[in-house]
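Residue numbers (this note's numbering): 31 to 172.
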């Protein structure tokens with residue numbers, strides 16, 4: 031295999047959708063949190079396209095519809111549900127609704143989409159890397 035064939039066959043960055051209530055709860059956009067998380071992994075970051083979804087807790091029906099549209103708009107390698115949604119008993123109903131939207135919106139050809147969870151706002155990159163470790167081919171190329 032020549033160099034151009036190798037480049038053509040290399041997978042692009044993995045598409046990761048990250049869903050969080052951080053902007054709603056603390057006023058901090060998820061993009062800022064993601065950027066800070068990935069500072070510790072500059073060599074790993076190019077493997078991923080992390081797309082933030084700032085879930086609006088003020089208008090849950092609209093936020094769920096927007097989430098459904100976002101999930102359907104792309105083939106996602108992973109969808110990460112943040113701790114702000116899943117880590118609190120009082121938000122169990124919201125977590126169930128988010129997972130329901132996820133399962134209804136994922137197309138059959140997206141069956142390989144990983145559903146991921148983190149343990150807090152400082153664990154987004156770790157959760158992604160835990161679910162997508164470097165494959166042998168990637169190790170050889172780095």
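For every residue, glycine included, the Cβ atom is placed at its ideal position computed from N, Cα and C.
Would you mind sorting residue 70 into buried or exposed? The rule is 16 or more other CB atoms within 10 Å of its CB.
In the chain shown, counting from the first residue as 1, residue 70 sits at position 40. By the neighbour-count rule (16 or more Cβ atoms within 10 Å), residue 70 is not buried but exposed.
Quick test of your reading: residue 101 and residue 131, contact by CB under 8 Å. State the CB separation rounded to the nearest angstrom.
Within the chain shown, the letter at position 71 stands for residue 101. Within the chain shown, the letter at position 101 stands for residue 131. Taking the Cβ atoms as the reference, residue 101 lies roughly 7 Å from residue 131, within the contact range of under 8 Å.
When you compare only the Cα positions, how much space is there between residue 169 and residue 133?
Here residue 169 is taken as the residue at index 139 of the chain shown, counted from 1. Here residue 133 is taken as the residue at index 103 of the chain shown, counted from 1. Its pLDDT being 47, under 50, residue 169 is placed unreliably in this model, and the coordinates cannot settle the point.
Would you kindly check if the distance between the Cβ of residue 84 and the Cβ of residue 47 is under 7 Å?
On the chain shown, position 17 is the one that residue 47 refers to. On the chain shown, position 54 is the one that residue 84 refers to. No, Cβ-Cβ distance for residue 47 and residue 84 is not below 7 Å.
Is the distance from the Cβ of residue 64 to the Cβ of residue 154 below 7 Å?
The count along the chain shown starts at 1 and reaches residue 64 at position 34. The count along the chain shown starts at 1 and reaches residue 154 at position 124. Yes; because the gap between Cβ atoms is below 7 Å, this pair is in contact.
Which residue from 126, 118 and 122 puts its Cα closest to that of residue 149?
Walking along the chain shown from the start, residue 149 turns up at place 119. Residue 118 is the option with its Cα nearest to residue 149.
The beta strand (DSSP E) that contains residue 95, what's its start and end?
Counting from one through the chain shown, the residue named residue 95 turns up at place 65. That residue, residue 95, is in no beta strand (DSSP E); its alpha helix (DSSP H) goes 90-102.
For residue 146, I'd like the list of residues in its chain whose CB is within less than 6 Å of its CB, leaving aside the five on either flank, ordered along the chain.
Residue mapping note: residue 146 aligns to position 116 of the chain shown, counting from 1. Counting only Cβ-Cβ distances below 6 Å, and skipping sequence neighbours, we find 108, 110, 157 and 161.
Cβ-heavy atom distance between residue 92 and the ligand ADP below 6 Å?
Looking at this structure, you won't find the ligand ADP or any other ligand, since it has none at all.
Starting from residue 107, trace the beta strand (DSSP E) in both directions and tell me its first and last residue.
In the chain shown, residue 107 corresponds to position 77, counting from 1. No beta strand (DSSP E) contains residue 107, which DSSP labels as neither H nor E.
Work out the CA separation of residue 87 and residue 93 for me, nearest whole Å.
Residue 93 sits at position 63 when you count from the first residue of the chain shown. Residue 87 sits at position 57 when you count from the first residue of the chain shown. Those two C-alpha atoms are separated by around 8 Å.
Among the residues of its own chain, which have a CB less than 8 Å from the CB of residue 115, if the five just before and after it don't count?
Translated into positions along the chain shown, residue 115 becomes position 85. If we look at residue 115 and ignore the five residues flanking it on each side, its Cβ neighbours are 49, 50, 51, 85, 121, 124, 125 and 128.
Where do the ends of the beta strand (DSSP E) carrying residue 53 lie?
Mapped onto the chain shown, residue 53 falls at position 23. Residue 53 -> not in any beta strand (DSSP E); alpha helix (DSSP H) instead, spanning 52-56.
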